[in-house]
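Undergrad:
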Amino acid sequence: MRNLRAAAPASFLAPPAPPLLLPPSTPTPRGAFTAKASPAAAAAQAHGWCPSPRRVGRLRRRAGAASSSVASVEDAKKDVLVALSQIIDPDFGTDIVSCGFVKDLEISEALEEVSFRLELTTPACPIKDMFEEKANEVVAALPWVKKVNVTMSAQPAQPAYAGELPEGLQKISNIIAVSSCKGGVGKSTVAVNLAYTLAGMGARVGIFDADVFGPSLPTMVSPENRLLVMNPESRSILPTEYLGVKMVSFGFAGQGRAIMRGPMVSGVINQLLTTTDWGELDYLVIDMPPGTGDIHLTLCQVAPLTAAVIVTTPQKLAFIDVAKGVRMFSKLKVPCVAVVENMCYFDADGKRFYPFGQGSGAQVVQQFGIPHLFDLPIRPTLSASGDTGIPEVVADPQGDVAKTFQNLGVCVVQQCAKIRQQVSTAVSYDRSIRAIRVKVPDSDEEFLLHPATVRRNDRSAQSVDEWTGEQKVQYGDIPEDIEPEEIRPMGNYAVSITWPDGFSQIAPYDQLEMLERLVDVPRATTAAVSS
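Numbering-wise (the UniProt record's numbering), the sequence shown opens with residue 1 and increments by one.
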């Protein structure tokens, strides 16, 4: 494994604010507190518990002094929150109070016992034990505290995606695509072992085998029930399960490998993915088929992919195909968070050999700016585990391969948590002003577009001749007062707009932003536009 930053810094404690050295009788001078209130103070104030910045300073000084009691439960809660605000989440760069992790804070009537819950973003958080240890430490350090009860939990599984999702995907927090765009590089091996690594970290995990022509999952795992079953009441597919991981594959449908045309395959993939009753999952790992065709576009449109992991081998030929896949994900607004270079080397006679050369994975990282690269060796046990039905990380959880997958799992968990904090583009129709609102990512700005302008600038084959570029739909063909009937997101990159004439338009976010520049629409903050 190369270029992986440390999972967490050595210390999670923010340095306490230095006290002002003023005599007790001296009034606080104006301007003594020039800094803004901390994020922790702002979050706590929203719960009705937060003191002013001046009060924060007094609380911190009091926590370090010899005082052994507090006046009230509310004062005790303030003490605890200030103490906990010293613990910084290394991924978000913010204290755990501001992150909203502190829940159910209770103080005993005797003001001696403190109980609270830390609700993390995922049960697979790689530093949850350190969070628990530090929380115990900083609260127990308060002079009046005699006992601390900390319980750990995770947020309920729910997608960050705000749009309408198929029922089967509504309780899945993160969807991870494992892709290579080339067959035979070990993509399925990485997908299965990553899934079981995440499960071993405490997450609820599922695997979806999206390769209908050559499903690998039935060979790589050995579930007791090898046939998918449909619930007769809900008409949903019940996934099979192996060692606590739910899984769906066309190979479990009793059909073997498919012989069918592309449009039929896309329909099968859509049905298997969206009508399966996955239940609550923290991570759904999708083993993508080779290529960049219809199935990939279908998956990116149906499922809001959180991130992608790219699998390659050292050969130049593998790099060429992988580069196509990275560009596809970039266009579809799916961030690639890691590259796994499989079959890199083997060790013999105290030396390391690279039979297929070096540099393909590093080239992907350098050319496309993917920050994390992981190397997998040529190991007979890794290959054999894929044939025996027992994943390598399960068969040898302490081995070198399992350690590499552990690092990959930590990377995926951390990157998904960061991605979920980002604000995605949001598109809606405001009937009160007869305009389409487009919310700009990572800001409070938005702009408005006239519905007729959006409809007239459709670039699909129904509106523009694909060979000549000639516009089929003329300006006057679209009435000025046309209004969309429905706008729903498609994956991370576009919206589907249904119009009264029955036409369904796919409008990529990039196209809407380009349209804004062409018509010179001024941007405004959300508050300004709303007013």
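We put the beta carbon where it would ideally sit given N, CA and C, even for glycine.
Which parts of the segment 92-162 are runs of the alpha helix (DSSP H), unbroken and 4 residues or longer, counting only runs that do not cross its ends?
TA: Segments of the alpha helix (DSSP H) lying fully in the segment 92-162: 128-140.
Undergrad: On the DSSP bridge assignment, give the partners of M490 in chain order.
TA: Residue mapping note: residue 490 aligns to position 490 of the sequence shown, counting from 1. According to DSSP, which records beta bridges pairwise, M490 is partnered with A494.
Undergrad: Looking only at DSSP bridge pairs, what is C341 linked to?
TA: On the sequence shown, position 341 is the one that residue 341 refers to. Looking at the sequence shown, residue 341 is not Cys but Glu. DSSP lists T312, D375 as partners of E341.
Undergrad: Compute the beta-carbon to beta-carbon distance between Y73 and I107, rounded to the nearest angstrom, for a pair I have assumed lies under 8 Å.
TA: Taking the sequence shown and counting its residues from 1, one reaches residue 73 at position 73. Taking the sequence shown and counting its residues from 1, one reaches residue 107 at position 107. In the sequence as displayed, the identity of residue 73 is Val instead of Tyr. Contact flag correct, Cβ pair sits at about 5 Å.
Undergrad: For V285 versus V178, is the C-beta distance shorter than 8 Å?
TA: Translated into positions along the sequence shown, residue 285 becomes position 285. Translated into positions along the sequence shown, residue 178 becomes position 178. Against a cut-off of 8 Å, the Cβ pair of V178 and V285 comes out as a contact.
Undergrad: To the nearest angstrom, how far is the alpha carbon of Q406 from that of P126?
TA: By 1-based counting over the sequence shown, the position of residue 406 is 406. By 1-based counting over the sequence shown, the position of residue 126 is 126. Approximately 10 Å between the Cα atoms of the pair.
Undergrad: Determine the direct distance from the alpha carbon of S266 to that of V412, and round the result to whole angstroms.
TA: Residue numbering aside, residue 412 sits at position 412 when the sequence shown is read from its first letter. Residue numbering aside, residue 266 sits at position 266 when the sequence shown is read from its first letter. Roughly 27 Å separates the two Cα atoms.
Undergrad: Reducing DSSP to helix, strand and coil, say where R61 ends up.
TA: Reading the sequence shown from its first residue, position 61 is the one you call residue 61. Because R61 sits at a pLDDT of 46, beneath the cut-off of 50, its placement in the model cannot be relied upon, and the following sentence gives the value as read from the coordinates. R61 falls in the helix class under three-state DSSP.
Undergrad: Okay, do the segment 375-390 and the segment 165-182 touch, 3+ Cβ pairs below 8 Å being the bar?
TA: No: fewer than three Cβ pairs fall under 8 Å.
Undergrad: Label E486 either buried or exposed according to how many other C-beta atoms from any shown protein chain fall within 10 Å of its C-beta, with 16 as the threshold for buried.
TA: Here residue 486 refers to the residue found at position 486 of the sequence shown. Answer is exposed; the Cβ neighbour count stays below 16.
Undergrad: What does the alpha-carbon distance come out to for the pair M230 and T240?
TA: For the purposes of this step, residue 230 is taken as the residue at position 230 of the sequence shown. For the purposes of this step, residue 240 is taken as the residue at position 240 of the sequence shown. Rounded to the nearest angstrom, the two C-alpha atoms are 11 Å apart.
Undergrad: Determine the contact status of C181 and K324, defining contact as a CB-CB distance below 8 Å.
TA: Position 181 of the sequence shown, counted from the first residue, corresponds to residue 181. Position 324 of the sequence shown, counted from the first residue, corresponds to residue 324. Taking 8 Å as the Cβ cut-off, C181 and K324 qualify as a contacting pair.
Undergrad: Confirm, please, whether the CB-CB distance from V205 to A191 is below 8 Å.
TA: Position 191 of the sequence shown, counting from 1, holds the residue named residue 191. Position 205 of the sequence shown, counting from 1, holds the residue named residue 205. Taking 8 Å as the Cβ cut-off, A191 and V205 do not qualify as a contacting pair.
Undergrad: Could you give the uninterrupted runs of the beta strand (DSSP E) lying entirely in the segment 435-464, keeping only those of 3 residues or more?
TA: Here the runs fully enclosed are 435-439, 445-449.
Undergrad: Roughly how many angstroms separate the alpha carbons of V394 and T404, rounded to a whole number?
TA: Here residue 394 refers to the residue found at position 394 of the sequence shown. Here residue 404 refers to the residue found at position 404 of the sequence shown. Looking at the two C-alpha atoms, the distance is approximately 13 Å.
Undergrad: G386 and T197: beta carbons closer than 8 Å?
TA: Start at 1 with the first residue of the sequence shown, and residue 386 comes out as number 386. Start at 1 with the first residue of the sequence shown, and residue 197 comes out as number 197. Contact flag unset, no.
Undergrad: Given K246, which residues of its chain have a CB within under 8 Å of its CB, disregarding the five upstream and five downstream residues?
TA: Counting from 1 along the sequence shown, the entry for residue 246 is found at position 246. Closer than 8 Å at Cβ, skipping near neighbours: V205, G206, I207, P239, T240, W278, G279, L281.
Undergrad: Under three-state DSSP, which class holds M288?
TA: Against the sequence shown, residue 288 aligns to sequence position 288. Note: M288 maps to coil in three-state DSSP.
Undergrad: If we ignore side chains and look at the alpha-carbon of each, how far apart do G369 and R352 end up?
TA: As a working mapping, residue 369 is identified with position 369 in the sequence shown. As a working mapping, residue 352 is identified with position 352 in the sequence shown. When rounded, the distance between both Cα atoms is 27 Å.
Undergrad: Taking a contact to mean a Cβ-Cβ separation below 8 Å, would you say P123 touches A203 in this structure?
TA: Here residue 123 corresponds to residue number 123 of the sequence shown, with the count starting at 1. Here residue 203 corresponds to residue number 203 of the sequence shown, with the count starting at 1. Their beta carbons are under 8 Å apart, which means P123 touches A203 by this criterion.
Undergrad: Could you check whether L118 and F131 sit closer than 8 Å to each other, using their CB atoms as the reference points?
TA: In the sequence shown, residue 131 corresponds to position 131, counting from 1. In the sequence shown, residue 118 corresponds to position 118, counting from 1. In contact: F131 and L118 (Cβ atoms closer than 8 Å).
Undergrad: Any idea what DSSP makes of V248, helix, strand or coil?
TA: Looking up residue 248 in the sequence shown gives position 248. If DSSP states are grouped into helix, strand and coil, V248 belongs with the strands.
Undergrad: Write down the C-beta distance between V427 and L512 rounded to the nearest angstrom, noting that I regard them as a contact closer than 8 Å.
TA: Position 427 of the sequence shown, counted from the first residue, corresponds to residue 427. Position 512 of the sequence shown, counted from the first residue, corresponds to residue 512. Between L512 and V427 the Cβ distance is about 7 Å, and since that is below 8 Å, they are a contact.
Undergrad: Can you list, in chain order, the residues of its chain with a C-beta nearer than 8 Å to that of E480? Leave out the 5 residues immediately preceding and following it.
TA: Locating residue 480 in the sequence shown gives position 480, counting from the first residue. The residues are A452.
Undergrad: Between the alpha carbons of P391 and I482, how many angstroms are there, rounded?
TA: In the sequence shown, residue 391 corresponds to position 391, counting from 1. In the sequence shown, residue 482 corresponds to position 482, counting from 1. Between P391 and I482, the C-alpha separation is close to 56 Å.
Undergrad: What three-state label does DSSP hand D396 in the structure shown?
TA: Taking the first residue of the sequence shown as position 1, residue 396 is located at position 396. It is coil, neither helix nor strand.
Undergrad: Which residues in the same chain as Q358 place their Cβ atom closer than 7 Å to its Cβ, once the five residues preceding and following it in sequence are excluded?
TA: On the sequence shown, position 358 is the one that residue 358 refers to. So the list reads P314, once near-sequence residues are dropped.
Undergrad: Compare the Cα-Cα distances from Q462 to each of L165, K472, R455 and report the closest residue.
TA: In the sequence shown, counting from the first residue as 1, residue 462 sits at position 462. Per the Cα distances, K472.
Undergrad: Taking F252 and R226 to be in contact with their CB atoms under 8 Å, please state how far apart those CB atoms are, rounded to whole angstroms.
TA: Taking the first residue of the sequence shown as position 1, residue 252 is located at position 252. Taking the first residue of the sequence shown as position 1, residue 226 is located at position 226. That pair is a contact at about 6 Å.
Undergrad: Can you tell me whether P489 is buried or exposed? The criterion is at least 16 other CB atoms within 10 Å of its CB, across all chains shown.
TA: By one-based count along the sequence shown, residue 489 stands at place 489. The residue in question, P489, is buried, as its Cβ has 16 or more Cβ neighbours within 10 Å.
Undergrad: Where DSSP assigns a beta bridge to N174, which residues make up the other side?
TA: The residue labelled residue 174 in the question sits at position 174 within the sequence shown. Paired residue(s): Y283.
Undergrad: Using C-beta distances below 8 Å, list every residue in its chain close to S460, excluding the 5 sequence neighbours before and after it, in chain order.
TA: Counting from 1 along the sequence shown, the entry for residue 460 is found at position 460. Hits under 8 Å: Q505, I506.
Undergrad: Can you list, in chain order, the residues of its chain with a C-beta nearer than 6 Å to that of L272? Leave out the 5 residues immediately preceding and following it.
TA: Here residue 272 corresponds to residue number 272 of the sequence shown, with the count starting at 1. The answer, listed in chain order, is V248.
Undergrad: Throw me the rounded Cβ distance for the V145 and V212 pair, which I believe falls under 8 Å.
TA: Numbered from its first residue, the sequence shown carries residue 145 at position 145. Numbered from its first residue, the sequence shown carries residue 212 at position 212. No, V145 and V212 are not in contact; Cβ-Cβ is about 59 Å, not under 8 Å.
Undergrad: What whole-angstrom Cβ distance do S216 and D287 have, given they're in contact under 8 Å?
TA: As a position in the sequence shown, residue 216 is number 216, starting the count at 1. As a position in the sequence shown, residue 287 is number 287, starting the count at 1. That belief holds up - the Cβ atoms of S216 and D287 are roughly 7 Å apart, short of 8 Å.
Undergrad: Indicate the three-state DSSP secondary structure (helix, strand or coil) for K333 in the structure shown.
TA: Position 333 of the sequence shown, counted from the first residue, corresponds to residue 333. Three-state DSSP puts K333 in coil, outside helix and strand.
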